[in-house]
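Student: Just remember that my numbering sits 281 ahead of the position in the sequence shown, which is counted from 1.
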Amino acid sequence: MNTHHRTWTLAPSAALLAVALAAGGTAYAGDDIETLTARQIAEKAREALLDADSVRVTTKGDLREPGSPNELDLALDRSGNCAGTVGLGGEGSVEIIKRGETVWMKPDAAFWKNQVPGGGEAIRELVGDRYLRGTTDIGLLRGMAWVCDLDTFVDRLTGVPTGAIPLTKGEKTEVDGVGAIPVTGSLAGRTITLYVATEGEPHPVRLVVAGTGAAKATVDFSDYDKPVPTATPPAGDSVDLNTLLG
């Protein structure tokens, strides 16, 4: 089954967001973010993202396959806990919950058909509407649960060297009711616009990556430092994957 490279919609854009988050300016704590340069705003956003203990990430679109957008709606934290859904365009979706090393995963029918060809339908009938439960020692769960690691997520977005790529600061606007300043850069023929909150912490609130033609991906960031939901499925609503695999 091939889930690792498809589940993380943002992965192809990691270097592109790193452009917008590239260090290179000095921003002081007392600065009004609207008075800063584009690079200083980007540095503030980078620092705020690095300081976040948790965040909700919502994505839509896929720069690789415009006709089959991936979607992600996931709350995740520094401890590797998460709760939400991962969509693979027309190839299925999965509800995922992770607490510690334990993972609960509930794929839909399309997932079983496309990701486990040949045996997926039989597994779906056996599992029914229950979750699969196990630990990250199991390859299937590990391949899905890696998206829950906020440290890995942040490293992908801030750890890519980009050099002195020009950034442009736009006019203040709103993103879902939040005041934000756009910072725009480009790399490899793609245009990246990062929207940074102007009130409170200068968190990234939206990333838009536009490729060639209609290819476009949008990533929204919200619920910074809010605890990941702790509810887990009752034992009767899940199937031990080790038992299922025999």
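Even for Gly, the Cβ is constructed at its ideal location relative to N, Cα and C.
1. I need the boundaries of the alpha helix (DSSP H) containing W393, first residue and last residue.
2. Which runs of the beta strand (DSSP E), 3 residues or longer, sit entirely within the stretch 360-386?
3. Taking Cβ to Cβ, would you say A498 is nearer than 8 Å to G342?
4. Can you list, in chain order, the residues of its chain whose CB lies under 7 Å from that of G348, leaving out five sequence neighbours each side?
5. From V338 to A364, what does the alpha carbon distance come to, in whole angstroms?
6. Considering only residues of the same chain and omitting the five flanking positions on each side of K379, which have a CB-CB separation below 7 Å?
7. Whole angstroms are fine: how far does the CA of L522 sit from the CA of A403?
8. Is there contact here, the stretch 484-492 with the stretch 450-461, by at least three beta-carbon pairs under 8 Å?
9. In the DSSP assignment, find the unbroken alpha helix (DSSP H) run with G466 in it and report its ends.
10. Just to confirm my understanding: we take V435, look at its own chain, exclude 5 residues before and 5 after, and list those with CB closer than 7 Å. What are they?
11. Taking the beta strand (DSSP E) that G420 belongs to, which residues open and close that run?
12. By alpha-carbon positions, which one of T340, I314 and N351 ends up nearest to L369?
13. Would P388 be called buried (16 or more neighbouring beta carbons within 10 Å of its own) or exposed?
14. Since K450 contacts T318 with CB under 8 Å, what's their CB separation in whole angstroms?
15. So the beta strand (DSSP E) E352 belongs to, where does it begin and stop?
16. Going by beta carbon distance, what residues of the same chain come within less than 6 Å of L431, once the five residues before and after it are set aside?
17. How is G245 classed by DSSP in three states: helix, strand or coil?
Tutor: Taking the coordinates as given:
1. W393 -> alpha helix (DSSP H) spans A390 to Q396.
2. Listed in chain order, they are 363-368 and 374-380.
3. Remark: C-beta atoms of A498 and G342 approach each other more closely than 8 Å.
4. At G348, the pLDDT of 48 sits below 50, so the modelled position is not reliable; the number obtained from the coordinates is stated separately. Short of 7 Å from the beta carbon of G348, and not among the five residues preceding or following it, lies no beta carbon of its own chain.
5. The straight-line gap separating the alpha-carbon atoms of V338 and A364 is approximately 11 Å.
6. Here the set comprises G361, N362, C363, A426 and C429.
7. One C-alpha to the other measures close to 14 Å.
8. Yes: at least three Cβ pairs fall under 8 Å.
9. For G466, there is no enclosing alpha helix (DSSP H); the enclosing beta strand (DSSP E) has its first and last residue at V459 to L468.
10. Excluding five sequence positions before and after V435, the CB atoms of its chain that fall closer than 7 Å to its own CB belong to L330 and L331, given in chain order.
11. From DSSP, G420 is part of no beta strand (DSSP E) but of the alpha helix (DSSP H) over G420 to A426.
12. Out of T340, I314 and N351, N351 has the C-alpha closest to the C-alpha of L369.
13. So P388 ends up on the buried side.
14. So it is a contact: roughly 7 Å between Cβ atoms.
15. Membership of E352 in the beta strand (DSSP E) is indicated by the continuous run E352 to D358.
16. Result list for L431: L357, D358 and R359, in chain order.
17. Missing from the structure shown is residue 245; the chain here goes from 282 to 527 and no further.
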